[in-house]
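Undergrad: Take a look at this one; I'll ask things after.
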Ligand SMILES: Nc1ncnc2c1ncn2[C@@H]1O[C@H](COP(=O)(O)OP(=O)(O)OP(=O)(O)O)[C@@H](O)[C@H]1O
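In my numbering, the protein residues as written are 5 to 545.
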């Protein structure tokens, strides 16, 4: 990291720390005569206290991770008390160095240290309460409430107003921690359950950091794996920016092919990697001034085999002061490794346990025997407990079309979304479903990631998902923002070898799982897409 950048970050850190703990620097009058005895006692006890805090921090701040990360943890174990002592932001603070009027430095420093320890303890307890796990040094205190955005970070009124208008009263756990981390100019990789408000966790600090619209070129980029998610993030961003004239642009197919970004102002650009890559190749977008880069659904971005495209985008964002962040509900080790290679001094924020399904979703497995059995089961499910809107996942676009034909025959208001449709048809399918015009949306994994269908109460995995992350993201379209949701997964003979994997995910998120399921053998679960019999009952011509 450049020395200038480091200084800048430290200064910001200092400033906010000072804000957080302004009481530390005000009104401290030290009277050696009065407090002499206490000082001696306190100095003696200080090392014990640091130890206690260290042990608390270790539990709270360093989440056990396997492999290499675990080795790193071991390496850090011996230095955790340094995290406490390593709160050198205070030591370096001018106000901390200034000798007190009625005392001397050797007296005031232990008091400051004690307060730092107290603050660390408070933070650790607060994180524990909200199931937040962090690792990294000098991690900023989590937000107690949205008011702290203005008291600690001088957030502008328009943003606070928009939060109120959107009905966001309390920050969600990921917002509590990721927002201050990013506002302290720290890079961040974050994992929090589906529907837990990750979008606001990166949009809010982004708007705060950009402060005002400017004509200096693109200053923030958000990358999303699908066009649908890009459009949704664009809309959310616009809602949050209401009242401020930021130029927020969605990279459309047309813009990526013919647009020239030097000809119009753009503060925030939201795109899929392929479209942005195309514009970069055409030399029609300059990313050298980007201050803020977000990789949303980061594991999917890397999983799509887009390493090269993403690398070239990261390279094109050549501003040395850039703050990069990665967000997802699933964070496999290879993405963490990539994040560590990529980022400087990053903070890792995990809410709950990594790679876990949302706890608000009631999950159920249904044995259907054969493919025919699935059609009977879905019809039965609609007949018995019709709870629209329902999102149904299948493993291919052909199967989406087939199932659509069957359910349309039953006079259900049903639509399908898959990659064979035009962009307009895909958008219409999403809009109609959101507006309640369609009751059942049949989808491939194209909408499994990030899509926020607020009203979806039930997700049916008609076809067994092909991986743990696919399962977590698919069922995560229900049970959002703390609401209750339901997920039903059909399985046939072909899927039995992978049942145990789902059983584990169910158990980890607090669902009751029959013991026989937990006794099944485990099998590596990746890209399980068996050839399945046709869904269609229409006689072949
Ligand atoms: N502080 C808040 N209070 C109440 N609702 C919120 C808050 N923050 C976000 N939400 C709402 O929660 C829902 C889910 O948010 P969001 O789409 O950002 O989740 P996510 O964590 O990105 O999910 P996914 O992993 O599926 O992409 C949205 O409808 C959003 O408006």
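Think of the CB as a built atom: it goes at the ideal place given N, C-alpha and C, for glycine as much as any other residue.
(1) Check this for me: beta carbons of residue 296 and residue 213, under 8 angstroms apart or not?
(2) Express the C-alpha separation of residue 198 and residue 480 in angstroms, rounding to a whole number.
(3) Could I get the ranges of all uninterrupted beta strand (DSSP E) runs contained in the region 244-289, with 3 residues as the minimum, in chain order?
(4) Using only the alpha-carbon positions, how far apart do residue 452 and residue 396 sit?
(5) Going along the chain, which residues of its own chain have a beta-carbon closer than 8 angstroms to the beta-carbon of residue 474, five neighbours each way excluded?
(6) Should residue 384 go down as buried or exposed, given a rule of 16 or more other Cβ atoms within 10 Å for buried?
(7) Determine whether the beta carbon atoms of residue 391 and residue 462 lie at a separation below 8 angstroms.
(8) Is there contact between the region 481-489 and the region 362-369, where contact requires at least three CB pairs shorter than 8 angstroms?
(9) Are the Cβ atoms of residue 470 and residue 533 separated by less than 8 angstroms?
(10) For residue 323, which residues of its own chain have a beta-carbon under 7 angstroms away from its beta-carbon, when the five flanking residues on both sides are left out?
(11) Taking the C-alpha atoms as reference points, what is the distance between residue 407 and residue 335?
(12) Tell me, please, whether the CB atom of residue 431 is closer than 8 angstroms to any CB atom in chain D?
(13) What residue range is occupied by the uninterrupted alpha helix (DSSP H) comprising residue 432?
(14) So, at 7 angstroms on beta carbons, what are the nonlocal neighbours of residue 371 in its own chain, with the 5 sequence-adjacent residues on each side left out?
(15) Three Cβ pairs or more, each shorter than 8 angstroms: is that satisfied between the region 218-232 and the region 297-306?
(16) Which residues in the same chain have their Cβ closer than 8 angstroms to the Cβ of residue 374, if we skip the five residues on either side of it in sequence?
(17) State the start and end residues of the unbroken alpha helix (DSSP H) segment that holds residue 338.
(18) At what residues does the alpha helix (DSSP H) containing residue 225 begin and finish?
(19) For the region 121-168, list the alpha helix (DSSP H) runs that are entirely contained and at least 4 residues long, ordered along the chain.
(20) Which residue's Cα is closest to the Cα of residue 329: 346, 338 and 434?
(21) If you drop the 5 nearest sequence neighbours on each side, which residues of the same chain put their C-beta closer than 7 angstroms to that of residue 430?
(22) Tell me the residue span of the alpha helix (DSSP H) that contains residue 506.
(23) Are there 16 or more other CB atoms within 10 angstroms of the CB of residue 126, so buried, or fewer, so exposed?
(24) Go through its chain and collect everything with a Cβ distance to residue 218's Cβ below 7 angstroms, but skip five positions before and after it.
(25) According to DSSP, is residue 542 helix, strand or coil?
(26) By how many angstroms is the C-alpha of residue 326 removed from the C-alpha of residue 378?
(27) Taking only the alpha-carbon atoms, compute the straight-line gap between residue 505 and residue 332 and give it to the nearest angstrom.
(28) Where does the unbroken beta strand (DSSP E) through residue 496 begin, and where does it stop?
(29) Cβ atoms of residue 175 and residue 147: under 8 angstroms apart, would you say?
(30) Would you kindly report the start and end of the unbroken beta strand (DSSP E) that includes residue 300?
(31) Assign residue 171 to buried or exposed, taking buried as 16 or more other Cβ atoms, counted over all protein chains shown, within 10 Å of its Cβ.
(32) Which stretch, first to last residue, makes up the beta strand (DSSP E) that contains residue 2?
TA: With the given structure in hand:
(1) In the chain shown, counting from the first residue as 1, residue 296 sits at position 292. In the chain shown, counting from the first residue as 1, residue 213 sits at position 209. Cβ atoms of residue 296 and residue 213: closer than 8 angstroms.
(2) Taking the first residue of the chain shown as position 1, residue 480 is located at position 476. Taking the first residue of the chain shown as position 1, residue 198 is located at position 194. So the alpha carbons of these two residues sit roughly 5 angstroms apart.
(3) 252-254 and 272-275
(4) Numbered from 1 along the chain shown, position 448 holds the residue referred to as residue 452. Numbered from 1 along the chain shown, position 392 holds the residue referred to as residue 396. Their Cα atoms are separated by approximately 10 angstroms.
(5) Position 470 of the chain shown holds residue 474. Same-chain partners within the cutoff: 449 and 452.
(6) Looking up residue 384 in the chain shown gives position 380. Exposed.
(7) Sequence index remark: in the chain shown, residue 391 carries index 387 (1-based). Sequence index remark: in the chain shown, residue 462 carries index 458 (1-based). Yes. Within cutoff.
(8) yes
(9) Counting from 1 along the chain shown, the entry for residue 470 is found at position 466. Counting from 1 along the chain shown, the entry for residue 533 is found at position 529. The answer is yes: Cβ separation under 8 angstroms.
(10) Position 319 of the chain shown, counting from 1, holds the residue named residue 323. Hits under 7 angstroms: 292, 293, 294 and 295.
(11) Within the chain shown, the letter at position 403 stands for residue 407. Within the chain shown, the letter at position 331 stands for residue 335. About 32 angstroms.
(12) The displayed structure is made up of one protein chain only, and chain D is not part of it.
(13) Indexing the chain shown from 1 puts residue 432 at position 428. Its alpha helix (DSSP H) spans residues 427-438.
(14) Taking the chain shown and counting its residues from 1, one reaches residue 371 at position 367. Excluding sequence neighbours, residue 371 sits near 495.
(15) yes
(16) Numbered from its first residue, the chain shown carries residue 374 at position 370. For residue 374, where only same-chain residues beyond five positions count, the Cβ hits under 8 angstroms are 496, 497 and 537.
(17) By 1-based counting over the chain shown, the position of residue 338 is 334. Where residue 338 is concerned, the enclosing alpha helix (DSSP H) stretches over 337-346.
(18) The count along the chain shown starts at 1 and reaches residue 225 at position 221. Premise fails: residue 225 lies in the beta strand (DSSP E), 224-227, not in any alpha helix (DSSP H).
(19) 151-157
(20) As a first step, residue 329 is located in the chain shown; it is residue number 325 there, counting from the start. When only C-alpha atoms are compared, the closest one is 346.
(21) One-based indexing of the chain shown puts residue 430 at position 426. Once the five neighbours on either side are set aside, the close Cβ partners of residue 430 are 232 and 421.
(22) Your numbering for residue 506 matches position 502 in the chain shown. Counting along the chain, the alpha helix (DSSP H) containing residue 506 begins and ends at 503-512.
(23) Residue 126 sits at position 122 when you count from the first residue of the chain shown. Result: exposed.
(24) Locating residue 218 in the chain shown gives position 214, counting from the first residue. Here residue 218 has 271 as same chain residues with Cβ atoms under 7 angstroms from its own Cβ, once five neighbours each way along the sequence are excluded.
(25) Within the chain shown, numbered from 1, the residue matching residue 542 stands at position 538. Reduced to three states, the DSSP call for residue 542 is coil.
(26) Taking the chain shown and counting its residues from 1, one reaches residue 378 at position 374. Taking the chain shown and counting its residues from 1, one reaches residue 326 at position 322. Taking the straight line joining both Cα atoms gives about 50 angstroms.
(27) Locating residue 505 in the chain shown gives position 501, where the first residue counts as 1. Locating residue 332 in the chain shown gives position 328, where the first residue counts as 1. So the two alpha carbons sit approximately 20 angstroms from each other.
(28) The residue you call residue 496 lines up with position 492 of the chain shown. That run of the beta strand (DSSP E) goes 489-496.
(29) As a first step, residue 147 must be located in the chain shown, where it is residue number 143. As a first step, residue 175 must be located in the chain shown, where it is residue number 171. In this structure, the beta-carbon distance from residue 147 to residue 175 falls below 8 angstroms.
(30) The count along the chain shown starts at 1 and reaches residue 300 at position 296. Its beta strand (DSSP E) spans residues 296-300.
(31) In the chain shown, counting from the first residue as 1, residue 171 sits at position 167. By the neighbour-count rule (16 or more Cβ atoms within 10 Å), residue 171 is not buried but exposed.
(32) Examination of residue 2 is not possible in this model, given that the chain is present from 5 through 545 alone.
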